[in-house]
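J.: Residue numbers (UniProt numbering): 1 to 113.
Note that the Cβ used here is the ideal one computed from N, Cα and C, for glycine as well.
Bear in mind the structure is a predicted one, so any value in this text is a computation, not a measurement.
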Amino acid sequence: MRNMAIPMKEKFDKYWGECNMIMALASILDPRCKLYVINYCFSLIYKPDYVASENVDKVMNYLQLMYDEYADKYRGETTSSHEVGNNDNNSSSNVTSSIVTGFDQIMSIVREK
1 MRNMAIPMKE KFDKYWGECN MIMALASILD PRCKLYVINY CFSLIYKPDY
51 VASENVDKVM NYLQLMYDEY ADKYRGETTS SHEVGNNDNN SSSNVTSSIV
101 TGFDQIMSIV REK
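#1: With C41 as the anchor, note down where its alpha helix (DSSP H) starts and where it stops.
#2: Identify, in the order they occur along the chain, each residue of the same chain with its Cβ nearer than 6 Å to the Cβ of R111, setting aside the five sequence neighbours on each side.
#3: Give the straight-line distance between the Cα atoms of D72 and G102, rounded to the nearest whole angstrom.
#4: Among the residues of its own chain, which have a CB less than 6 Å from the CB of V37, if the five just before and after it don't count?
#5: Could you give the distance in angstroms between the alpha-carbon of K9 and the alpha-carbon of D104?
#6: Compute the Euclidean distance between the alpha carbons of Y67 and F42, then round it to the nearest angstrom.
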């Protein structure tokens with residue numbers, strides 16, 4: 001059993017041991033979550049607390065780099081003459097579930113903020 005567990009742990013650490021930047025940025029850019037989810041989840045995932053803080057800093061630095069690149073690329077360009085219309089299409093479903101997920105717990109914390 002140990003012979004199987006060690007390679008499995010190595011593969012797990014390879015893909016999940018470090019901060020997944022794409023997932024972290026996606027949660028920050030979600031207007032419901034912003035930084036609350038990153039701060040909360042990283043404190044659960046990464047121990048001790050300074051490691052969680054270091055990972056939050058990495059994500060924030062990467063977000064700043066992305067913004068700077070975006071700002072440099074579009075600096076000086078004029079805004080388009082058309083306005084973005086209000087889209088009233090609501091594509092969310094009304095499906096409810098009695099199963100409480102980890103995301104539900106996180107969103108309840110976000111709503112408290």
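T.: Taking the geometry as given:
#1: DSSP places C41 in the uninterrupted alpha helix (DSSP H) bounded by 34–45.
#2: For R111, there are no CB contacts under 6 Å within the same chain when 5 residues up- and downstream are skipped.
#3: So the alpha carbons of these two residues sit roughly 38 Å apart.
#4: The beta carbon of V37 is closer than 6 Å to those of S27, I106 in its chain, skipping five residues each way along the sequence.
#5: Roughly 28 Å separates the two Cα atoms.
#6: When rounded, the distance between both Cα atoms is 22 Å.
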